[in-house]
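Notes for the one structure printed next.
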Amino acid sequence: MDIAEKKKEYDALKALSRWIGIGSAVALIVGMLWLSKILVVLGLLGGFAGTSQQLYARYRFGLIKNFKRWIIYQSLYSVFIIILVITIIALDFSV
Numbered sequence: 019m020d021i022a023e024k025k026k027e028y029d030a031l032k033a034l035s036r037w038i039g040i041g042s043a044v045a046l047i048v049g050m051l052w053l054s055k056i057l058v059v060l061g062l063l064g065g066f067a068g069t070s071q072q073l074y075a076r077y078r079f080g081l082i083k084n085f086k087r088w089i090i091y092q093s094l095y096s097v098f099i100i101i102l103v104i105t106i107i108a109l110d111f112s113v
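Here the sequence shown is numbered in the working numbering, starting from 19 and rising by one per residue.
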């Protein structure tokens, strides 16, 4: 694969993660305004998917210098999202 093809594929992956991020932000904001817990959960999960996509794109094209640090950040973010989702679902059933 030559450099032009790699750049095109990397730009496509970046654009995909950007649109995932925009969609998840919209779902999160709309969910908060309408008090829809499902949209808030979808927004949080979409944010996780967007950051995972960026991590994959950077790893695939060799842009990550310290991969262990990125894995630690991604793991902490995953735990944070899981705790938020469980809390939101628990609050939904407790009301």
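The beta carbon of each residue, even a glycine, is placed where N, CA and C say it ideally should be.
Can you tell me where the alpha helix (DSSP H) holding residue i begins and where it ends?
i, result
"F66", "55-78"
"I40", "21-51"
Would you mind working out which of the options sits nearest residue i, comparing C-alpha positions?
i, options, result
"G49", "G61, F66, I40", "G61"
"W37", "L73, A67, Y91, K26", "A67"
"S70", "V103, S54, S96, I21", "S96"
"F79", "Y28, E23, A22", "Y28"
"G64", "K86, Y77, I47", "I47"
Since residue i and residue j should fall inside the 8 Å C-beta cutoff, what is the C-beta to C-beta distance between them, to a whole number of angstroms?
i, j, result
"S35", "A75", "7 Å"
"W88", "L73", "6 Å"
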